[in-house]
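Just below is one structure, and these are the notes that go with it.
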Amino acid sequence: MRPPSVWSQRLLRKGPFAAETFALFSQWNFEHGVDRNLARGLGGQFRTAGWEKEVRATIRARLTDMDAIRPLIQLSKSGMSFHDWRDCYRLWITLTEQPYGSFVMDWLYGERERGRYQVRAEEVRPFVTASWSRAKKVPLSEYGVVRAARDLLKTATDLGLLTGASTVKTLAHPGLGDSAFVFHLLLIAELEGSASRAIESRYWRAAFMAPSEVHNTLLRLHQYRKVDYQVAGSLIQLSLPYANSLAFAEAVAA
3 MRPPSVWSQR
13 LLRKGPFAAE
23 TFALFSQWNF
33 EHGVDRNLAR
43 GLGGQFRTAG
53 WEKEVRATIR
63 ARLTDMDAIR
73 PLIQLSKSGM
83 SFHDWRDCYR
93 LWITLTEQPY
103 GSFVMDWLYG
113 ERERGRYQVR
123 AEEVRPFVTA
133 SWSRAKKVPL
143 SEYGVVRAAR
153 DLLKTATDLG
163 LLTGASTVKT
173 LAHPGLGDSA
183 FVFHLLLIAE
193 LEGSASRAIE
203 SRYWRAAFMA
213 PSEVHNTLLR
223 LHQYRKVDYQ
233 VAGSLIQLSL
243 PYANSLAFAE
253 AVAA
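Residues in the sequence shown are numbered from 3 upward in steps of one, following our numbering.
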């Protein structure tokens, strides 16, 4: 299962709306359609009708594949904390939205590995220019490049990878709670096609996790019997605790 991926300057500009999406999903009724759920969950929640319309349109644009996003809805209905759910949502946004996904996995993660501690919008501008060129998009104006760089940093901040209210952002050490880690493991295994390939997957970069950190977390969870992770020299066997991310989300919600 691979969720659909889109290039959207609009989604980047509007931001992830993590808290609003979490609240909406926690009230979701699977017997009703998307638009009815949006109207019921978002109606009257904002100071102006104009802003409500913007929030609704942005979230609606992310709901193009309800089967793929269903695990996130189930998790929000399960009582999972917002912090853990946001981390799972962050993986989803990284997988499905460009240029944010490549910004995190290709640029920001690499900078962090090389020892970067802080980042400013002007330092992201070369990435923005190159990304628009690779995607064969109409080149941005000078202001457009600055705005996109700021939007990338704001989205990463909203999703917990950066901290700071000023123009200088600090790279965070986000970590993952056990439930959020298991969700990542299951979804990444689906994407990679096997449990063994999930351990070394680049998709862990969405949480700033290197393969060594994934390995150590699996060893710890094995001790608590949350996963079955057998290591003997170079031989590794990982048995997943659930068939897929949806099965996990449904079990947590039960």
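We put the beta carbon where it would ideally sit given N, CA and C, even for glycine.
Taking only heavy atoms of the ligand SAM into account, decide whether any of them is closer than 7 Å to the Cβ of residue i.
i   : result
I71 : In the structure shown, the ligand SAM is absent, as is every other ligand, since no ligand is present at all.
Just mark residue i as buried or exposed, buried being the case when its beta carbon has 16 or more other beta carbons within 10 Å.
i    : result
K138 : exposed
H85  : exposed
E192 : buried
D153 : buried
T98  : buried
M68  : exposed
V36  : exposed
L237 : exposed
F129 : buried
S7   : exposed
W134 : buried
Y119 : exposed
L221 : exposed
P141 : exposed
S198 : exposed
Q225 : exposed
Y145 : exposed
F250 : buried
What did DSSP end up calling residue i once you bin it into helix, strand or coil?
i    : result
W9   : strand
T60  : helix
T131 : helix
S236 : coil
Y205 : helix
K138 : coil
T172 : strand
L74  : helix
A164 : Per the sequence presented here, residue 164 reads as Leu, with Ala not at that position. Here L164 sits in strand by DSSP.
S241 : strand
D230 : strand
L178 : coil
F101 : Checking the sequence shown, residue 101 turns out to be Pro, not Phe. Coil, per DSSP.
N31  : coil
A212 : coil
G46  : coil
D69  : helix
S80  : coil
G17  : coil
G195 : coil
If you follow the alpha helix (DSSP H) that residue i is in, where does it begin and where does it stop?
i    : result
R92  : 84 to 98
A20  : 20 to 28
L248 : 247 to 255
Just to confirm the assignment, what range does the beta strand (DSSP E) spanning residue i have?
i    : result
T118 : Per the sequence shown, residue 118 should be read as Arg rather than Thr. Counting along the chain, R118 falls outside any beta strand (DSSP E), and DSSP gives it neither H nor E.
Should the segment 216 to 231 be called in touch with the segment 180 to 190, which here means at least 3 C-beta pairs below 8 Å? Yes, since at least three Cβ pairs between the segment 216 to 231 and the segment 180 to 190 fall closer than 8 Å, the two stretches touch.
Take every Cβ of the segment 200 to 220, pair it with every Cβ of the segment 35 to 44, and state whether three or more of those distances are shorter than 8 Å. Touching, no, given that fewer than three Cβ pairs across the two stretches are closer than 8 Å.
Does the segment 69 to 77 come into contact with the segment 162 to 179, if we say contact requires no fewer than three beta-carbon pairs (one atom in each stretch) closer than 8 Å? Note that the segment 69 to 77 does not touch the segment 162 to 179; fewer than 3 beta-carbon pairs, one per stretch, sit closer than 8 Å.
Are three or more beta carbon pairs between the segment 151 to 165 and the segment 4 to 20 nearer than 8 Å? Judged by Cβ distances under 8 Å, the segment 151 to 165 makes contact with the segment 4 to 20, as three or more pairs qualify.
Taking three-plus beta-carbon pairs below 8 Å as touching, is the segment 45 to 65 in contact with the segment 15 to 34? They touch, by the three-pair rule.
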